[in-house]
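Notes to accompany the following structure.
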Amino acid sequence: MADHMNDAPILEVRNLRKAFPIKKSLMGKVEQELIAVDNVSFELHPGETLGIVGESGCGKTTMGRTILKLHPASGGQIIFDGKDITNYKNSQMRSLRTEMQIIFQDPYSSLPPRATVGDILSEPVRVHKIVPPFEVKNYVLKLMEQCGLRDYYYERYPHEFSGGQRQRICIARALSVNPKLVVCDEPVSALDVSIQAQIINLLKKLQKERGLTYLFISHDLSVVKFISDKIGVMYLGSMVEFGNKKDIFSNPLHPYTQALFSAIPNPDPDKKMERIVLKGDIPSPANPPKGCRFHTRCPHATERCKTDVPVYREYEPGHFAACHLLDT
Numbered sequence: 486m487a488d489h490m491n492d493a494p495i496l497e498v499r500n501l502r503k504a505f506p507i508k509k510s511l512m513g514k515v516e517q518e519l520i521a522v523d524n525v526s527f528e529l530h531p532g533e534t535l536g537i538v539g540e541s542g543c544g545k546t547t548m549g550r551t552i553l554k555l556h557p558a559s560g561g562q563i564i565f566d567g568k569d570i571t572n573y574k575n576s577q578m579r580s581l582r583t584e585m586q587i588i589f590q591d592p593y594s595s596l597p598p599r600a601t602v603g604d605i606l607s608e609p610v611r612v613h614k615i616v617p618p619f620e621v622k623n624y625v626l627k628l629m630e631q632c633g634l635r636d637y638y639y640e641r642y643p644h645e646f647s648g649g650q651r652q653r654i655c656i657a658r659a660l661s662v663n664p665k666l667v668v669c670d671e672p673v674s675a676l677d678v679s680i681q682a683q684i685i686n687l688l689k690k691l692q693k694e695r696g697l698t699y700l701f702i703s704h705d706l707s708v709v710k711f712i713s714d715k716i717g718v719m720y721l722g723s724m725v726e727f728g729n730k731k732d733i734f735s736n737p738l739h740p741y742t743q744a745l746f747s748a749i750p751n752p753d754p755d756k757k758m759e760r761i762v763l764k765g766d767i768p769s770p771a772n773p774p775k776g777c778r779f780h781t782r783c784p785h786a787t788e789r790c791k792t793d794v795p796v797y798r799e800y801e802p803g804h805f806a807a808c809h810l811l812d813t
């Protein structure tokens with residue numbers, strides 16, 4: 486993996502916030518909101534893969550969709566390829582849609598059932614005028630080949646395929662417009678383990694061939710470890726740790742990251758892993774705990790954790806975390 490630190494980041498997220506109103510007054514004023522993403526910042530350089538991990542409901546998917554402007558941001562900045570797109574309208578986003586794409590989690594519901602594979606893949610190519618009209622079919626067939634799909638699938642419908650093949654169609658659709666950034670929203674969690682490896686290898690191969698940048702959202706740490714260059718750990722909407730894969734796996738700083746890593750199955754039967762079991766359930770994002778959000782489940786929580794919000798700061802070069810224990 487080349488060193489991308491000299492390039493300008495393709496994506497900068499600064500203090501991103503996304504809140505959904507739960508309760509409004511009669512006058513339409515928001516009285517209670519669910520904060521799905523709270524004050525998240527990171528940079529992503531061209532050609533890198535950033536893995537975002539965390540439990541279900543921690544705001545990973547909402548963050549990915551907010552970055553792509555599928556949800557409007559409630560605060561903060563999204564800078565893509567040097568342009569601040571935070572307040573772009575849909576009409577302004579249209580030209581950028583070819584540069585940012587998403588692969589959805591469920592390959593079953595994200596493909597239109599009445600369109601053939603050829604139609605599904607040709608439409609974005611035609612709409613965005615990627616190639617002249619007479620070249621579309623050849624372009625699509627070549628793309629299908631790159632994604633491991635046979636040319637005779639062109640006339641078939643999504644229901645004729647297995648989950649893994651459908652996900653290949655979804656990947657081909659995302660890549661049909663030559664994007665720079667692809668948000669992979671748990672792209673393998675709905676697939677069999679044997680197929681997961683094939684799809685991840687395909688994503689890695691396509692990244693190499695096309696110079697893609699991935700934001701890879703997953704709750705499966707072994708998948709993230711295999712595909713990512715950098716890792717961000719989210720808990721209840723906040724980024725609690727961020728760094729290079731090597732630093733995070735060799736030296737996880739945040740107690741939540743340590744607990745997540747202790748749950749990874751170890752293939753060596755002689756090596757005993759100390760499993761850190763978190764007590765209690767995840768608090769509701771509509772009513773998050775005061776102070777450090779993790780203190781209700783943290784085995785090391787002190788009184789200070791209950792009242793003061795920890796600062797997210799750099800502890801080693803490029804390795805950030807937000808935890809009071811690290812200050813002592």
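486 is the number of the first residue of the sequence shown in the numbering used here; add one for each residue after it. Note that the Cβ used here is the ideal one computed from N, Cα and C, for glycine as well.
Along the beta strand (DSSP E) that carries residue i, what are the first and last residues, could you check?
| i | result |
| --- | --- |
| Phe505 | 496 to 509 |
| Met585 | 585 to 588 |
| Ile564 | 560 to 565 |
| Lys554 | Taken as a continuous stretch (DSSP letters only), Lys554 belongs to no beta strand (DSSP E), as it is neither H nor E. |
To which residues of the same chain is residue i closer than 7 Å at the C-beta, ignoring the five residues directly before and after it?
| i | result |
| --- | --- |
| Asp492 | His530, Pro531 |
| His489 | Caution applies to His489, whose pLDDT of 49 falls short of 50 and renders its modelled position unreliable; the value that the coordinates give is listed next. The residues are His530, Pro531, Gly532, Glu533. |
| Pro592 | Gly648, Arg651, Gln652, Cys655, Ala675 |
| Ser559 | Arg502, Lys503, Ala504 |
| Leu771 | Checking the displayed sequence, the identity of residue 771 turns out to be Ala instead of Leu. The residues are Ile507, Gln517, Leu519. |
Keeping to the same chain, check which residues put their C-beta closer than 8 Å to that of residue i; ignore five residues upstream and five downstream.
| i | result |
| --- | --- |
| Gly549 | Ile537, Ile587, Val668, Asp670, Leu700, Ile702 |
| Gly765 | Thr781, Arg782 |
| Ser510 | Glu516 |
| Ser595 | Phe589, Cys655 |
| Tyr573 | Lys554, Leu581 |
| Ser576 | none |
Would you mind stating whether residue i and residue j have Cβ atoms separated by less than 8 Å?
| i | j | result |
| --- | --- | --- |
| Gln652 | Thr534 | no |
| Thr787 | Lys775 | no |
| Arg611 | Val602 | no |
| Ile767 | Glu540 | yes |
| Ile656 | Val673 | no |
| Val662 | Ile615 | yes |
| Lys520 | Gly722 | It should be pointed out that residue 520 corresponds to Ile in this sequence rather than to Lys. Yes, the pair counts as a contact, with Cβ atoms nearer than the cut-off. |
| Leu496 | Leu666 | yes |
| Lys689 | Ile712 | yes |
| Thr583 | His613 | yes |
| Asp732 | Glu801 | yes |
Name the two residues that bound the continuous alpha helix (DSSP H) containing residue i.
| i | result |
| --- | --- |
| Val610 | 602 to 612 |
| Asp732 | 730 to 735 |
| Val678 | 678 to 695 |
| Gly649 | 648 to 660 |
| Lys710 | 706 to 712 |
Just mark residue i as buried or exposed, buried being the case when its beta carbon has 16 or more other beta carbons within 10 Å.
| i | result |
| --- | --- |
| Phe589 | buried |
| Lys730 | buried |
| Gln650 | buried |
| Lys554 | buried |
| Phe619 | exposed |
| Ala748 | exposed |
| Glu726 | buried |
| Ala487 | For Ala487, the predicted model reports a pLDDT of 46, less than 50, meaning its position is unreliable and no value from the coordinates is stated. |
| Val718 | buried |
Go through its chain and collect everything with a Cβ distance to residue i's Cβ below 6 Å, but skip five positions before and after it.
| i | result |
| --- | --- |
| Ile680 | Gly649 |
| Tyr638 | Val602 |
| Leu697 | Val667 |
| Lys545 | Ile537, Gly539, Ile702, Met719 |
Compute every distance between the C-beta of residue i and the non-hydrogen atoms of the ligand MN, then say whether any falls below 7 Å.
| i | result |
| --- | --- |
| Arg695 | The model on display carries no ligand, and the ligand MN is accordingly not part of it. |
Checklist entry - Enumerated in chain order, which unbroken segments of the beta strand (DSSP E) with a length of 3 residues or greater are wholly contained in the region 763 to 813? => result For the region 763 to 813, whole beta strand (DSSP E) runs of length 3 or above, ordered along the chain, are 797 to 801, 804 to 807.
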